[in-house]
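To keep things clear, I will list the structure first and then write my remarks on it.
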Amino acid sequence: MRILIVTAGSRGDVAPFTGLGLRLQQAGHQVALAAHQRFAALVHECGLEHRVLPGDPVELVRARTAAPSPQAARSVFAAFLDELGDGVLAAAAAGTDLVLTAFGPAPVSRLVAEGLGIPSVGVYLAPGVPTREFPPPGPPVTAHPSPADNLAAGRELLARTGSLYADVLRRLRARLGLPRAAEAPAPPDDWPICHGFSPAVVPRPADWPASVHVTGYWWPAAPPRWRPPDHLLDFLQAGPPPVFVGFGSMTPGHDRLHEIVAAAVARAGVRAVVQSGWAGLGPVGDDVLLVGDLPHEWLFPRVAAVVHHAGAGTTGAGLRAGVPAVPVPVLVDQPFWADRLHRLGVAPPPLPLDELTADTLADALRACLDEPTCRDRATALASRIRAEDGAAAVVPIVTRLERGQRT
2 MRILIVTAGS RGDVAPFTGL GLRLQQAGHQ VALAAHQRFA ALVHECGLEH
52 RVLPGDPVEL VRARTAAPSP QAARSVFAAF LDELGDGVLA AAAAGTDLVL
102 TAFGPAPVSR LVAEGLGIPS VGVYLAPGVP TREFPPPGPP VTAHPSPADN
152 LAAGRELLAR TGSLYADVLR RLRARLGLPR AAEAPAPPDD WPICHGFSPA
202 VVPRPADWPA SVHVTGYWWP AAPPRWRPPD HLLDFLQAGP PPVFVGFGSM
252 TPGHDRLHEI VAAAVARAGV RAVVQSGWAG LGPVGDDVLL VGDLPHEWLF
302 PRVAAVVHHA GAGTTGAGLR AGVPAVPVPV LVDQPFWADR LHRLGVAPPP
352 LPLDELTADT LADALRACLD EPTCRDRATA LASRIRAEDG AAAVVPIVTR
402 LERGQRT
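The end of the sequence shown is residue 408 by my numbering, with every number in the run present.
Structure, rendered in structure tokens:
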């Protein structure tokens, strides 16, 4: 069967699907991964076909950040979604029997699959189905919501997502010859969705439909030609395990972030490997090594703790490595994962980026390094996570769809 995986966003939104795609390919399927052009090499190096989605997520975030007004920012995003809709349609029309879609592009992917008469499946990296058991990913909840509040918030999130896509979906319906719809409908209860995180991290809610699964993490496929650079190996061997600091796809919005990181590392008395990321971090110091993109699954087991923005992919990599975390969330699902890390006992309370100071970061680093229970819990949780095979759990679901059976 020809399978198309559709995802959009940063590297963390793409890398887990390389592992899932490779496992499906090993099961005998032909797999293509639709993602932005900047990730073409990553996809190809993992042995998968790449189909281009238009737009650049880095430029999108920068343009929205620089927009002079909320209305201008919405216009930038609307143009991005228009291009995305065209790209998903072109990628699927290139030859596909089944569409697997990440949460972000799901409204477009489901509609395209419907228009082409092929099945689709949600493949989500964060909880994407309303539940009474916890609030949906999004801004942190300060009060103590009731189960009814949690369910209502989850439904509201789906409604807001549908409204963002309303215009592009209307145009796609016309192109595909589908009847008009007053609004973007929520996925039906029997639409299959697989969540690529561990039930040890987020247990499957009892009120989710039977078609919704929590499979375990989908780990990125390791590019076969990657080798750690000599200067990184030398730094790791030159002293005690450093901490890792990186904020992934977060672009500059905190003018003093370089200074905060450098000062916090010095005050905490630690060595640090700092990933520049989209924010272009560049703190300097004798005990600081600046690096670019590299596989977290290789580096994280070699560090003492990880300071990160709590994106789904980075959160999973840190948990798999069994190291404590200092979560510094910014937006979207990051506050959800940051709160989850703290509740699991593997991280101190989250430090939202817009409230970050050198003192709070240094204190959080010392807290997770000096408290043995934090590392002990991280080690125990990692052993459970490593025993799971999330990608393998998706294969029989796809097989049942191939045979025309319900999931």
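For each residue, glycine too, the CB sits at the ideal point set by N, CA and C.
Inset, instruction - Report yes if the CB atom of Cys369 is closer than 9 angstroms to the CB atom of Ala306, and no otherwise. - result: On the sequence shown, residue 369 is found 368 positions in, with the first residue counted as 1. On the sequence shown, residue 306 is found 305 positions in, with the first residue counted as 1. It is a contact, given that the beta carbons lie within the stated cut-off.
Legend entry - Residues near Asp390 by beta carbon distance below 7 angstroms, same chain, minus five either side: Translated into positions along the sequence shown, residue 390 becomes position 389. Counting only Cβ-Cβ distances below 7 angstroms, and skipping sequence neighbours, we find Gly217.
Legend entry - Beta-bridge partners of Thr102, as assigned by DSSP: Numbered from 1 along the sequence shown, position 101 holds the residue referred to as residue 102. Per DSSP, Val7 and Gly123.
Legend entry - Coarse secondary structure for Phe245, derived from DSSP in three states: Counted from its first residue, the sequence shown places residue 245 at position 244. Assigned with DSSP and collapsed to three states, Phe245 falls in strand.
Inset, instruction - For His343, collect the residues of the same chain with a Cβ closer than 8 angstroms to its Cβ; drop the 5 residues on either side in sequence, then sort them by chain order. - result: On the sequence shown, position 342 is the one that residue 343 refers to. Hits under 8 angstroms: Pro328, Pro349, Pro350 and Pro351.
Inset, instruction - Rank Pro17, Arg24 and Arg385 by C-alpha distance to the C-alpha of Leu36 and give the top, closest one. - result: Translated into positions along the sequence shown, residue 36 becomes position 35. The sequence shown places Ala at residue 36, rather than the Leu named in the question. Of the listed residues, the one whose Cα sits closest to Ala36 is Pro17.
Inset, instruction - Pick helix, strand or coil for Arg344, following the three-state DSSP scheme. - result: Within the sequence shown, residue 344 is the residue found at index 343, counting from 1. Note: Arg344 maps to helix in three-state DSSP.
Inset, instruction - Assuming Asp14 and Arg133 form a contact by the criterion Cβ under 8 angstroms, report the distance between their Cβ atoms to the nearest whole angstrom. - result: Along the sequence shown, one-based indexing puts residue 14 at 13. Along the sequence shown, one-based indexing puts residue 133 at 132. Actually they do not touch by this definition, with Cβ atoms about 28 angstroms apart.
Legend entry - Inter-residue spacing [alpha-carbon to alpha-carbon] between Gln31 and Glu60: Mapped onto the sequence shown, residue 31 falls at position 30. Mapped onto the sequence shown, residue 60 falls at position 59. If I take the Cα positions, the gap works out to 31 angstroms.
Legend entry - 6 angstroms CB neighbourhood of Leu179 in its chain, flanking five on each side removed: Numbered from 1 along the sequence shown, position 178 holds the residue referred to as residue 179. Here the set comprises Gly116.
Legend entry - Supposed close pair Gly44, Leu54 - CB separation, criterion 8 angstroms: As a working mapping, residue 44 is identified with position 43 in the sequence shown. As a working mapping, residue 54 is identified with position 53 in the sequence shown. For the record, residue 44 in the displayed sequence is Val; it is not Gly. Actually they are not in contact, since the Cβ atoms of Val44 and Leu54 sit about 11 angstroms apart, beyond 8 angstroms.
Legend entry - Cβ contact check for the stretch 352-366 and the stretch 289-302: 3 or more pairs under 8 angstroms: The stretch 352-366 makes no contact with the stretch 289-302; the number of CB pairs closer than 8 angstroms stays below 3.
Inset, instruction - Check whether the stretch 186-198 touches the stretch 166-173, taking contact to mean three or more Cβ pairs, one atom from each stretch, closer than 8 angstroms. - result: The stretch 186-198 makes no contact with the stretch 166-173; the number of CB pairs closer than 8 angstroms stays below 3.
Inset, instruction - Go ahead and label Asp287 buried or exposed: buried means 16 or more other beta carbons lie within 10 angstroms of its beta carbon, across all protein chains shown. - result: In the sequence shown, the residue the question calls residue 287 occupies position 286. Counting every other CB atom within 10 Å of its CB across the protein chains shown gives Asp287 a total below 16, marking it as exposed.
Inset, instruction - Could you tell me if Asp231 is buried or exposed, where buried requires 16 or more neighbouring beta carbons within 10 angstroms of its beta carbon? - result: Indexing the sequence shown from 1 puts residue 231 at position 230. With fewer than 16 other CB atoms across the displayed protein chains lying within 10 angstroms of its CB, Asp231 is exposed.
Inset, instruction - Can you give me the Cβ contacts of Trp219 inside the same chain, cut-off strictly under 6 angstroms, excluding the 5 residues immediately before and after it? - result: Here residue 219 refers to the residue found at position 218 of the sequence shown. Excluding sequence neighbours, Trp219 sits near Pro17, Gly20, Leu21, Gly197, Gly391 and Ala392.
Inset, instruction - Please confirm whether Phe248 and Leu258 have their CB atoms less than 9 angstroms apart. - result: Residue mapping note: residue 248 aligns to position 247 of the sequence shown, counting from 1. Residue mapping note: residue 258 aligns to position 257 of the sequence shown, counting from 1. Pairing Phe248 with Leu258 gives a Cβ-Cβ distance under 9 angstroms.
Legend entry - Stretch-stretch touch, CB-based, cutoff 8 angstroms, three pairs: the stretch 110-129 with the stretch 74-93: The stretch 110-129, when compared against the stretch 74-93, does touch it at the 8 angstroms Cβ threshold.
Inset, instruction - Spatial neighbours of Gly156 within its chain, please: CB distance less than 8 angstroms, with the 5 preceding and 5 following residues excluded, ordered by chain position. - result: As a first step, residue 156 is located in the sequence shown; it is residue number 155 there, counting from the start. Looking at the sequence itself, residue 156 is Arg, so the reference to Gly does not match. Closer than 8 angstroms at the Cβ level, and outside the excluded window around Arg156, lie Pro131 and Ala187.
Inset, instruction - Select from Val109, Val275, Ala107 and Leu49 the residue whose C-alpha is nearest the C-alpha of Leu291. - result: One-based indexing of the sequence shown puts residue 291 at position 290. Shortest Cα-Cα distance from Leu291 to any of Val109, Val275, Ala107 and Leu49 involves Val275.
Inset, instruction - Check whether the Cβ atoms of Val333 and Pro136 lie closer than 9 angstroms to each other. - result: As a working mapping, residue 333 is identified with position 332 in the sequence shown. As a working mapping, residue 136 is identified with position 135 in the sequence shown. One thing to note: Val333 has its Cβ no nearer than 9 angstroms to the Cβ of Pro136.
Legend entry - Endpoints, the beta strand (DSSP E) within which Glu50 is located: Along the sequence shown, read from residue 1 onward, the residue named residue 50 stands at position 49. Glu50 to Leu54 is the extent of the beta strand (DSSP E) around Glu50.
Legend entry - Within the stretch 106-169, ranges of the alpha helix (DSSP H) (whole runs, at least 4 residues): Listed in chain order, the alpha helix (DSSP H) runs fully inside the stretch 106-169 are 107-117 and 148-165, counting runs of at least 4 residues.
Legend entry - Neighbourhood of Leu85 by C-beta distance below 8 angstroms, restricted to the same chain and skipping five residues each side: Residue mapping note: residue 85 aligns to position 84 of the sequence shown, counting from 1. Correct list, in chain order: Ala9, Leu54, Pro55, Gly56, Pro106, Val109 and Val169.
Legend entry - Arg181 versus Tyr166: straight-line alpha-carbon distance, rounded: The residue you call residue 181 lines up with position 180 of the sequence shown. The residue you call residue 166 lines up with position 165 of the sequence shown. C-alpha separation (whole angstroms): 14 angstroms.
Legend entry - N-terminal and C-terminal residue of the alpha helix (DSSP H) that Pro17 is part of: Start at 1 with the first residue of the sequence shown, and residue 17 comes out as number 16. From DSSP, the alpha helix (DSSP H) with Pro17 extends over Ala16 to Gln27.
Legend entry - Residue environment, Thr315, which counts as buried when at least 16 other CB atoms sit within 10 Å: For the purposes of this step, residue 315 is taken as the residue at position 314 of the sequence shown. With 16 or more other Cβ atoms within 10 Å, it is buried.
Legend entry - As assigned by DSSP and simplified to three states, the class of Val266: Within the sequence shown, residue 266 is the residue found at index 265, counting from 1. Looking at Val266 - three-state DSSP - the assignment turns out to be helix.
Inset, instruction - Answer with buried or exposed for Pro319, where buried requires no fewer than 16 other C-beta atoms within 10 angstroms of its C-beta. - result: For the purposes of this step, residue 319 is taken as the residue at position 318 of the sequence shown. The amino acid at residue 319 is misidentified as Pro; the sequence shows Gly. The residue in question, Gly319, is buried, as its Cβ has 16 or more Cβ neighbours within 10 Å.
Inset, instruction - Can you have a look at Gly96 and say buried or exposed, based on whether 16 or more other CB atoms are within 10 angstroms of its CB? - result: In the sequence shown, residue 96 corresponds to position 95, counting from 1. With fewer than 16 other Cβ atoms from the protein chains shown falling within 10 Å of its own Cβ, Gly96 counts as exposed.
Inset, instruction - Would you check if the distance between the CB atom of Val202 and the CB atom of Arg378 is smaller than 9 angstroms? - result: Mapped onto the sequence shown, residue 202 falls at position 201. Mapped onto the sequence shown, residue 378 falls at position 377. Taking 9 angstroms as the Cβ cut-off, Val202 and Arg378 do not qualify as a contacting pair.
Inset, instruction - Take Leu11 as the anchor and find which of Ala73, Glu46, Ala103 and Pro69 has the nearest alpha-carbon. - result: Numbered from its first residue, the sequence shown carries residue 11 at position 10. Sequence inspection shows Ser at residue 11; the Leu mentioned does not correspond to that position. It is Ala103.
Inset, instruction - Since I believe Leu402 is in contact with Pro146 (beta carbons under 8 angstroms), could you give me their beta-carbon distance rounded to a whole number of angstroms? - result: Position 145 of the sequence shown, counting from 1, holds the residue named residue 146. Position 401 of the sequence shown, counting from 1, holds the residue named residue 402. Actually they are not in contact, since the Cβ atoms of Pro146 and Leu402 sit about 35 angstroms apart, beyond 8 angstroms.
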